[in-house]
Amino acid sequence: EAPIRAALTAIPNLHLTVLHPPTDNLLSDTQIKLLNNAEIILADPDLLAPLLHHAHSVRWIQSLWAGVGTLLHTVRTLQTQHQLEQQRIEQLRQDQREKAAAIAKSREEVLAKVNEADRILADANEK
Numbered sequence: 038e039a040p041i042r043a044a045l046t047a048i049p050n051l052h053l054t055v056l057h058p059p060t061d062n063l064l065s066d067t068q069i070k071l072l073n074n075a076e077i078i079l080a081d082p083d084l085l086a087p088l089l090h091h092a093h094s095v096r097w098i099q100s101l102w103a104g105v106g107t108l109l110h111t112v113r114t115l116q117t118q119h120q121l122e123q124q125r126i127e128q129l130r131q132d133q134r135e136k137a138a139a140i141a142k143s144r145e146e147v148l149a150k151v152n153e154a155d156r157i158l159a160d161a162n163e164k
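Here it is as structure tokens:
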């Protein structure tokens, strides 16, 4: 950690944070915020994989060793989850549109019946 920190201090506008992953993969709110805002991550892929869903701003991940199978599997899983969530959201929107259309149709039917009842009453009052 110290050699990396020393080498990176010469880079302007670089904010280096060391995040030691907890043994239970439960991050504190502060750690989640740090991971949310991280654009570049240098990590052990096996330690990062279970936490990767918190890395919303990441632009680059550098593994500490060759082989990124764990990260690729995690990224694919996250992509699948995102696609499923988008499909679920679209289905909810479609359901809302259908319900709104059904409500509008029912409203029109009720108004038509009210108007018909008004005409019947008006005709009855004239007789």
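Numbered according to this note's numbering, the sequence shown spans residues 38 to 164.
Each residue gets a CB set at the ideal place from its N, CA and C atoms; glycine is no exception.
What would DSSP say about residue 79, mapped onto helix, strand or coil? In the sequence shown, the residue the question calls residue 79 occupies position 42. Note: residue 79 maps to strand in three-state DSSP.
Quick check: residue 63 and residue 91, are their CB atoms within less than 8 Å of each other? What you label residue 63 is simply residue 26 of the sequence shown in a count that begins at 1. What you label residue 91 is simply residue 54 of the sequence shown in a count that begins at 1. No, the pair does not count as a contact, with Cβ atoms beyond the cut-off.
If you follow the beta strand (DSSP E) that residue 157 is in, where does it begin and where does it stop? The residue you call residue 157 lines up with position 120 of the sequence shown. Here residue 157 belongs to no beta strand (DSSP E); instead the alpha helix (DSSP H) covers 106-163.
Name the DSSP beta bridge partners of residue 98, please? Position 61 of the sequence shown, counted from the first residue, corresponds to residue 98. Looking at the DSSP assignment, residue 98 forms a beta bridge with 78.
Just to confirm, is the Cβ distance from residue 115 to residue 82 under 8 Å? Locating residue 115 in the sequence shown gives position 78, counting from the first residue. Locating residue 82 in the sequence shown gives position 45, counting from the first residue. The answer is no: Cβ separation not under 8 Å.
Rounding to the nearest angstrom, what Cα-Cα distance links residue 155 and residue 148 in this structure? Locating residue 155 in the sequence shown gives position 118, where the first residue counts as 1. Locating residue 148 in the sequence shown gives position 111, where the first residue counts as 1. The alpha-carbon atoms of residue 155 and residue 148 are separated by roughly 10 Å.
Cβ-Cβ separation, residue 75 to residue 95 (assumed contact under 8 Å), whole Å: Here the question's residue 95 lines up with position 58 in the sequence shown. Here the question's residue 75 lines up with position 38 in the sequence shown. Confirmed, Cβ separation roughly 6 Å.
When you compare the CB positions of residue 111 and residue 86, do they come within less than 8 Å of one another, or not? As a first step, residue 111 must be located in the sequence shown, where it is residue number 74. As a first step, residue 86 must be located in the sequence shown, where it is residue number 49. Yes, Cβ-Cβ distance for residue 111 and residue 86 is below 8 Å.
Helix, strand or coil at residue 49 according to DSSP, with G and I counted as helix: On the sequence shown, residue 49 is found 12 positions in, with the first residue counted as 1. Note: residue 49 maps to coil in three-state DSSP.
Less than 8 Å between the CB atoms is what I'm expecting for residue 53 and residue 42, so what's the real figure, rounded? Stepping through the sequence shown from its first residue, residue 53 is reached at position 16. Stepping through the sequence shown from its first residue, residue 42 is reached at position 5. Between residue 42 and residue 53 the Cβ distance is about 6 Å, and since that is below 8 Å, they are a contact.
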